[in-house]
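>
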Amino acid sequence: MKKLSVLILLALLSLSFLANISFAGNAPYFSVKDINGSWVDSGDLFGNYIVFIMFWSTDCQACKDSMPYLQQLYDKYYQDGLKMLCIATDSERTSDRVKPYVDGQGYNFTVLLDTDQYVRDSYNVNQEPYYFLIDWNGDIAFSYSGYTPGTESVFDNAINEAVSSSGGGGFFGK
Amino acid sequence: MLKKITLTGLMLLISAGLGFALLPPLSQLSIHGSNGATYRLIKDGNEFFDDRLELNLNMNPFTIGVVALIYEPRLNPFSGIAEYRTDLSQIFVKYNTKPVKVTVGSFKSTLGKGLILRTYEEPDVDIDCIAKGAYLELKPFKELEVKALGGRGEASGKGNHDTLYGGEVTVYPLSALNFNNLSFNASVSSITLPDFFTLQTEDVRRYGFGGNLNWNFITASGVYAKKTDFSYADDPVWSSYRFGKGYYLSVVATPPFSRFSVNFEYKHYQQLSELMRGQYLSPPYVSFFEQSLNNGNNEKGYLIEVNSYPLEKLHLRGGYAHQEEISSTLPELRKIDEAVASARFVELLPHTDMELSYEREHEVKVTEKDRGRFRASYLLTKTHSVTGSIEYEKRKEYLSFAGTYRDITGELSYSWGGHLVALVRHEFTNQQPELGERDKWTWGEITYKLTNEHELTVGYGQLRGGKVCASGVCLIELPFEGLRIKFSSLF
Numbered sequence: 282m283k284k285l286s287v288l289i290l291l292a293l294l295s296l297s298f299l300a301n302i303s304f305a306g307n308a309p310y311f312s313v314k315d316i317n318g319s320w321v322d323s324g325d326l327f328g329n330y331i332v333f334i335m336f337w338s339t340d341c342q343a344c345k346d347s348m349p350y351l352q353q354l355y356d357k358y359y360q361d362g363l364k365m366l367c368i369a370t371d372s373e374r375t376s377d378r379v380k381p382y383v384d385g386q387g388y389n390f391t392v393l394l395d396t397d398q399y400v401r402d403s404y405n406v407n408q409e410p411y412y413f414l415i416d417w418n419g420d421i422a423f424s425y426s427g428y429t430p431g432t433e434s435v436f437d438n439a440i441n442e443a444v445s446s447s448g449g450g451g452f453f454g455k
Numbered sequence: 033m034l035k036k037i038t039l040t041g042l043m044l045l046i047s048a049g050l051g052f053a054l055l056p057p058l059s060q061l062s063i064h065g066s067n068g069a070t071y072r073l074i075k076d077g078n079e080f081f082d083d084r085l086e087l088n089l090n091m092n093p094f095t096i097g098v099v100a101l102i103y104e105p106r107l108n109p110f111s112g113i114a115e116y117r118t119d120l121s122q123i124f125v126k127y128n129t130k131p132v133k134v135t136v137g138s139f140k141s142t143l144g145k146g147l148i149l150r151t152y153e154e155p156d157v158d159i160d161c162i163a164k165g166a167y168l169e170l171k172p173f174k175e176l177e178v179k180a181l182g183g184r185g186e187a188s189g190k191g192n193h194d195t196l197y198g199g200e201v202t203v204y205p206l207s208a209l210n211f212n213n214l215s216f217n218a219s220v221s222s223i224t225l226p227d228f229f230t231l232q233t234e235d236v237r238r239y240g241f242g243g244n245l246n247w248n249f250i251t252a253s254g255v256y257a258k259k260t261d262f263s264y265a266d267d268p269v270w271s272s273y274r275f276g277k278g279y280y281l282s283v284v285a286t287p288p289f290s291r292f293s294v295n296f297e298y299k300h301y302q303q304l305s306e307l308m309r310g311q312y313l314s315p316p317y318v319s320f321f322e323q324s325l326n327n328g329n330n331e332k333g334y335l336i337e338v339n340s341y342p343l344e345k346l347h348l349r350g351g352y353a354h355q356e357e358i359s360s361t362l363p364e365l366r367k368i369d370e371a372v373a374s375a376r377f378v379e380l381l382p383h384t385d386m387e388l389s390y391e392r393e394h395e396v397k398v399t400e401k402d403r404g405r406f407r408a409s410y411l412l413t414k415t416h417s418v419t420g421s422i423e424y425e426k427r428k429e430y431l432s433f434a435g436t437y438r439d440i441t442g443e444l445s446y447s448w449g450g451h452l453v454a455l456v457r458h459e460f461t462n463q464q465p466e467l468g469e470r471d472k473w474t475w476g477e478i479t480y481k482l483t484n485e486h487e488l489t490v491g492y493g494q495l496r497g498g499k500v501c502a503s504g505v506c507l508i509e510l511p512f513e514g515l516r517i518k519f520s521s522l523f
C-alpha cells in the first residue's frame, strides 16, 4: 500500500511536466453563500471584474489586522472594477460570529462563508491569511501569505497593476 | 539528515512546476497545490521532519486531489512521541457546477450546524474525522437544497471502520415571493462504531430540524437535535440505550444607521456525542476561549458580544460568556465565566496602529485568569514596519500547584518590504518551575519570502507550549527547545 501510494503520488506529480503549471492558472470555481444568505458564484465575477480574495477566520489575529487596510483598498479601487471577497473559513462552531464582526467593525466588502473549507481546499490554502488577486481573464495573477503592517502597499501595487492592464472595466465590470 | 534534505528538495523541485507547452487535449488542465515541510532539531540532538503535500489536478468541472503526509519521523507536539508515516491521507474526485457538487473519496461535511454530524480535520490538534465515501450537494430549484452522504471513517482509531450516513434538506418557502431570507431545514445521521478490540458496537442516530431568518437588521438561526444511542456486545451479551438532545440559537442585530452589531448565542446540549469514541459531532462553541466545551455533553450557557466602530479610526469589541455548572449527571462541568474587551486605534496617530485588550477566564474552583495586552505598530516607510506587544497575566490556580502567579510575554518584530520578518519573543513566569523545567523562554524567528508563494522560516530558542484548542478539542502542547525550519509553498 505504501509503494502504491508513492507511485500514485509520483504519477500525479509527473503530470506537471506535461501541463502548463503555474500558480497563475485559472482560478478555481466556487459557489458559496455570503453572510447575508445570498449565493455568490465566482462565474459571475471571474473574467468580468478584478477580484481580490482573502481567506481568513475569526480567530486569526493577523487576518483581522489587515481588514481596515483591505477596506481602504476597496474604497480606492471599487470604481475601477475591483471586487473584494473575504472568505471566512470558520466552521459552524463559530460561523455565526462572522457577520456581527464584519458589520460591527464597519466593513462593507463581500464576506463569504466557507464552513466546510471547500473553497479553501480548492485553492490549497495552507495558512491564514492568504491573499489572491484574480485578473480580468479570471486567472490568478498574484498570491501572498501572511500579513504584517506595510503589506497593504504590496497589495496596492498588485491591484494597481491589474487595474491598469488592458481590457479594464469599471464599477459594473467589463 | 541528508535523506531528509534530499526528500524535501525532491518534493520542492517537483512542486515548483517545471512546465512545458501542452498538447491540445490537455490544454484545459491545470495543477495547483501546496507544500508545508518542517524540520526540528531539539536540544538532545534528535532530528524530526514532516511534510504535507496537497495536489489538485483541475479540468473544470472536475478536480482530482490528493493529500500526502510524510513523517520521517514527526515529533508529536502533544505526546512527544516520534511518529512515522508515508501515505496518501486523502484522495478524492470532485465534480463542481452550480446546481451539483459531488465528491467521491475523502470529504468534509456538516449537517444540522454540527449537532447532527460533522466530518472534518483539525491538523493543529491532530484530529482526523474525515470520511471516505461519497458526498452530494444539490440545488435543483431555488426553493430547495439537498445534501446526502455515505462513507466510512477511522476517527476512533486505525482498524475501526466507522460507518456514516446522513442527509439534509433545506427549503425556502417564500422563494416564490422573491423572499429567500427564510429557510427551514431537517437533517438526519446514522453512525455505526464497531470496536474490534472490545467487540462492542455503538449505533448512533441523530435527527433534527432548524431554521434561518434574515430580516431587516436581524439575523436569527436555530437548531434542535435528538439522539438515540444503542450500544451492544455479543460476548458477553449486553446492551444499553442512551438518549440525548440539544438545541442552539443565535441572534444577530445590526441596527441601521448605527455603528455597532450585537450577537447573542445560547446552547443546551445533553449527551449528544457518541459514548464510546469517535468525534463526528461539532456543535457551536458559545465560548470565547473554548473552556466550556464538553463536546456536546452537559453544556448549557450563553454568550453576548458587541462589535462597534464609533469613529472611523476606532474599533471596539466587548463580550461576556457564561457556562452553567452541571453536576447532576456525568460528565460534570463547573461554572465558567469569560469576558473580553478590546479597543483598536487605526492611524489615530500617523503611521500607527494600536490595540489595547483585556480578557478574563474564570472556571470556578479551578482557575482564574486576568490578562491585559497592548500592541502597537509603526510604519517606518510604506513597506517597513516595527511592531511591539506586551502581555501581562495574573493567574490563580486552585487545584494542583495552588497559588497566584504572574506571567509576562513581550514580543518585538520588524517587517521589511513584505519580504522579511524578524521576531523576538520572551516569556517569564514567577511560578517556581519543576525540576528540569524553565521559568523563562526566549524565541527568535526570521521569515523570508523567496517569492510571494515560497516562504522560509527559521526559528531558534525555547517555546513554552500550553493549551491549543480547535474544534472543541483542547490539548496541551509540550514545550520545545531547539531549531525549527519551515518551508511553505503554493503552486
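These protein sequence lines map, in sequence, to chains A and B. Just remember that our numbering sits 281 ahead of the position in the first sequence, which is counted from 1. Just remember that our numbering sits 32 ahead of the position in the second sequence, which is counted from 1. The beta-carbon is built from N, C-alpha and C at its ideal position, and this holds for glycine as well. Since this is a predicted model, take the numbers as computed values, not measurements.
(1) When DSSP labels each residue in this structure, what does Trp475 of chain B get in the three-state scheme?
(2) Can you name the residues of chain B whose CB is closer than 9 Å to the CB of Val392 of chain A?
(3) Taking the C-alpha atoms as reference points, what is the distance between Ala285 of chain B and Arg291 of chain B?
(4) Take Leu467 of chain B and list the residues in its own chain whose beta-carbon comes closer than 6 Å to its own, dropping the five residues that flank it on each side.
(5) Leaving out the 5 sequence neighbours to the left and right, which residues in its chain are closer than 6 Å to Asn244 of chain B when beta-carbon positions are compared?
(6) Check Pro226 of chain B in the structure and name its three-state DSSP category.
(7) Span of the alpha helix (DSSP H) holding Gly324 of chain A?
(8) If contacts are defined as beta-carbon pairs under 8 Å, then Glu306 of chain B and Ile223 of chain B qualify, I think. What distance do you get, rounded to the angstrom?
(9) From what residue to what residue does the beta strand (DSSP E) around Phe173 of chain B run?
(10) Please report the straight-line C-alpha distance between Asp267 of chain B and Gly278 of chain B, rounded to a whole angstrom.
(11) Does Asn312 of chain A get closer than 8 Å to chain B when you measure Cβ to Cβ?
(12) Return the first residue and the last residue of the beta strand (DSSP E) that Gly182 of chain B is part of.
(13) Identify whether Leu495 of chain B lies in helix, strand or coil by the three-state DSSP scheme.
(14) Along the segment 417-436 of chain A, where does the CB come closer than 8 Å to a CB of chain B? Name the residues.
(15) Roughly how many angstroms lie between the CA atoms of Leu452 of chain B and Lys481 of chain B, to the nearest whole one?
(16) Taking the Cβ atom as the reference point for each residue, do Ser360 of chain B and Gly68 of chain B lie within a distance shorter than 8 Å?
(17) What's the gap between the Cα of Phe304 of chain A and the Cα of Thr135 of chain B?
(18) What does a CB cutoff of less than 7 Å around Ser372 of chain A pick up in its chain, not counting 5 residues either side in sequence?
(19) Residues of chain B with a CB under 9 Å from the CB of Gly328 of chain A: which are they?
(20) Quick one: which residues of the segment 485-501 of chain B get their C-beta closer than 8 Å to a C-beta of chain A? List them in chain order.
(21) Could you tell me the distance, in whole angstroms, from the CA atom of Val398 of chain B to the CA atom of Glu370 of chain B?
(22) Taking three-plus beta-carbon pairs below 8 Å as touching, is the segment 404-422 of chain A in contact with the segment 375-387 of chain A?
(23) Along chain B, in chain order, which residues have C-beta atoms closer than 9 Å to that of Tyr382 of chain A?
(24) Alpha carbon to alpha carbon, what distance is there between Val444 of chain A and Val255 of chain B?
(25) Taking Cβ positions only, does Ile422 of chain B come closer than 8 Å to chain A?
(26) May I ask you to report which of helix, strand or coil DSSP gives Asn329 of chain A?
(27) Checking 8 Å against the spacing of the C-beta atoms, do Ser347 of chain A and Glu442 of chain A come in under that value?
(28) Starting from the beta carbon of Asp385 of chain B, find every residue of chain A whose beta carbon is closer than 7 Å, and list them in chain order.
(29) Quick one, which of B:Leu335, B:Glu175 and B:Lys401 has its alpha-carbon nearest His300 of chain B's?
(30) Taking all protein chains shown into account, do 16 or more other C-beta atoms lie within 10 angstroms of the C-beta of Ala100 of chain B, making it buried, or fewer, making it exposed?
(31) DSSP on Ser111 of chain B, reduced to helix/strand/coil?
(32) State the Cα-Cα distance for the pair Leu510 of chain B and Tyr410 of chain B, rounded to the nearest angstrom.
(33) If you measure from the beta carbon of Asn317 of chain A to each beta carbon in chain B, is any gap under 8 Å?
(34) Which partner residues of Met386 of chain B appear in the DSSP bridge assignment?
(35) Among B:Glu356, B:Gly65 and B:Leu495, which one has its Cα closest to the Cα of Thr474 of chain B?
(36) Around the Cβ of Ser272 of chain B, are there at least 16 other Cβ atoms within 10 angstroms (buried) or fewer (exposed)?
Per the coordinate set shown:
(1) The residue labelled residue 475 of chain B in the question sits at position 443 within the second sequence. DSSP, reduced to helix, strand and coil, places Trp475 of chain B within a strand of the structure shown.
(2) Taking the first residue of the first sequence as position 1, residue 392 of chain A is located at position 111. What Val392 of chain A touches in chain B: nothing, since even the nearest Cβ is about 13 Å away.
(3) Here the question's residue 285 of chain B lines up with position 253 in the second sequence. Here the question's residue 291 of chain B lines up with position 259 in the second sequence. The straight-line gap from Cα to Cα measures roughly 11 Å.
(4) As a working mapping, residue 467 of chain B is identified with position 435 in the second sequence. So no residue of the chain qualifies.
(5) Counting from 1 along the second sequence, the entry for residue 244 of chain B is found at position 212. Ser215 and Ser253, listed in sequence order.
(6) Here the question's residue 226 of chain B lines up with position 194 in the second sequence. Of the three classes helix, strand and coil, the one that applies to Pro226 of chain B here is strand, per DSSP.
(7) Numbered from its first residue, the first sequence carries residue 324 of chain A at position 43. Gly324 of chain A: member of the alpha helix (DSSP H) spanning Ser323 to Leu326, first to last residue.
(8) Locating residue 306 of chain B in the second sequence gives position 274, counting from the first residue. Locating residue 223 of chain B in the second sequence gives position 191, counting from the first residue. Rounded, the Cβ-Cβ distance is 7 Å, consistent with contact.
(9) In the second sequence, counting from the first residue as 1, residue 173 of chain B sits at position 141. Per DSSP, Phe173 of chain B belongs to the beta strand (DSSP E) from Ala163 to Phe173.
(10) Counting from one through the second sequence, the residue named residue 267 of chain B turns up at place 235. Counting from one through the second sequence, the residue named residue 278 of chain B turns up at place 246. Straight-line Cα distance between these residues: approximately 33 Å.
(11) The count along the first sequence starts at 1 and reaches residue 312 of chain A at position 31. According to the sequence shown, residue 312 of chain A is Ser rather than Asn. For Ser312 of chain A, a Cβ of chain B is located within less than 8 Å of the residue's own Cβ.
(12) Residue mapping note: residue 182 of chain B aligns to position 150 of the second sequence, counting from 1. Start and end: Leu176 to Gly185.
(13) Mapped onto the second sequence, residue 495 of chain B falls at position 463. Secondary structure at Leu495 of chain B: strand, using DSSP grouped into helix, strand and coil.
(14) Those residues of the segment 417-436 of chain A that come within reach of chain B (Cβ to Cβ, closer than 8 Å) are Phe423, Ser424, Tyr425, Ser426, Gly427, Thr429, Pro430, Gly431, Thr432, Ser434 and Val435.
(15) If you number the second sequence from 1, residue 452 of chain B lands on position 420. If you number the second sequence from 1, residue 481 of chain B lands on position 449. C-alpha separation (whole angstroms): 6 Å.
(16) Residue mapping note: residue 360 of chain B aligns to position 328 of the second sequence, counting from 1. Residue mapping note: residue 68 of chain B aligns to position 36 of the second sequence, counting from 1. Cβ atoms of Ser360 of chain B and Gly68 of chain B: not closer than 8 Å.
(17) Here residue 304 of chain A refers to the residue found at position 23 of the first sequence. Here residue 135 of chain B refers to the residue found at position 103 of the second sequence. Note that Phe304 of chain A scores 49 on pLDDT, short of 50, meaning its location in the model is unreliable and no value can be drawn from it.
(18) Translated into the one-based positions of the first sequence, residue 372 of chain A becomes position 91. Once the five neighbours on either side are set aside, the close Cβ partners of Ser372 of chain A are Thr396.
(19) For the purposes of this step, residue 328 of chain A is taken as the residue at position 47 of the first sequence. Per Cβ cutoff of 9 Å: no residues; Gly328 of chain A is ~13 Å from chain B at best.
(20) Within the segment 485-501 of chain B, the residues whose Cβ lies closer than 8 Å to any Cβ of chain A are, in chain order, Glu485 and Glu487.
(21) As a position in the second sequence, residue 398 of chain B is number 366, starting the count at 1. As a position in the second sequence, residue 370 of chain B is number 338, starting the count at 1. Rounded to whole angstroms, Val398 of chain B and Glu370 of chain B show a C-alpha spacing of 14 Å.
(22) Touching, no.
(23) Counted from its first residue, the first sequence places residue 382 of chain A at position 101. Within 9 Å of the CB of Tyr382 of chain A, the CB atoms of chain B belong to Ser293, Asn295, Glu337, Asn339 and Arg349, in sequence order along the chain.
(24) Counting from 1 along the second sequence, the entry for residue 255 of chain B is found at position 223. Counting from 1 along the first sequence, the entry for residue 444 of chain A is found at position 163. Each residue's alpha carbon lies about 45 Å from the other.
(25) Here residue 422 of chain B is taken as the residue at index 390 of the second sequence, counted from 1. No, Ile422 of chain B does not count as interfacial toward chain A.
(26) Position 48 of the first sequence, counted from the first residue, corresponds to residue 329 of chain A. Judged by DSSP in its simplified three-state form, Asn329 of chain A adopts coil rather than helix or strand.
(27) For the purposes of this step, residue 347 of chain A is identified with residue 66 of the first sequence, where counting begins at 1. For the purposes of this step, residue 442 of chain A is identified with residue 161 of the first sequence, where counting begins at 1. No, Cβ-Cβ distance for Ser347 of chain A and Glu442 of chain A is not below 8 Å.
(28) By 1-based counting over the second sequence, the position of residue 385 of chain B is 353. Around Asp385 of chain B, the beta-carbon contacts reaching into chain A at under 7 Å are Pro430.
(29) Position 268 of the second sequence, counting from 1, holds the residue named residue 300 of chain B. B:Leu335 is the residue among B:Leu335, B:Glu175 and B:Lys401 whose C-alpha sits nearest the C-alpha of His300 of chain B.
(30) Indexing the second sequence from 1 puts residue 100 of chain B at position 68. With 16 or more other Cβ atoms within 10 Å, it is buried.
(31) The residue you call residue 111 of chain B lines up with position 79 of the second sequence. In the structure shown, the three-state DSSP call for Ser111 of chain B is coil.
(32) The residue labelled residue 510 of chain B in the question sits at position 478 within the second sequence. The residue labelled residue 410 of chain B in the question sits at position 378 within the second sequence. Taking the straight line joining both Cα atoms gives about 34 Å.
(33) Position 36 of the first sequence holds residue 317 of chain A. So yes, Asn317 of chain A belongs to the interface.
(34) In the second sequence, counting from the first residue as 1, residue 386 of chain B sits at position 354. As a beta-bridge residue in DSSP terms, Met386 of chain B pairs with B:Phe377 and B:Ala408.
(35) Sequence index remark: in the second sequence, residue 474 of chain B carries index 442 (1-based). Among B:Glu356, B:Gly65 and B:Leu495, the Cα nearest to that of Thr474 of chain B belongs to B:Leu495.
(36) Translated into positions along the second sequence, residue 272 of chain B becomes position 240. Looking at its Cβ environment, which holds fewer than 16 other Cβ atoms inside 10 Å, Ser272 of chain B is exposed.
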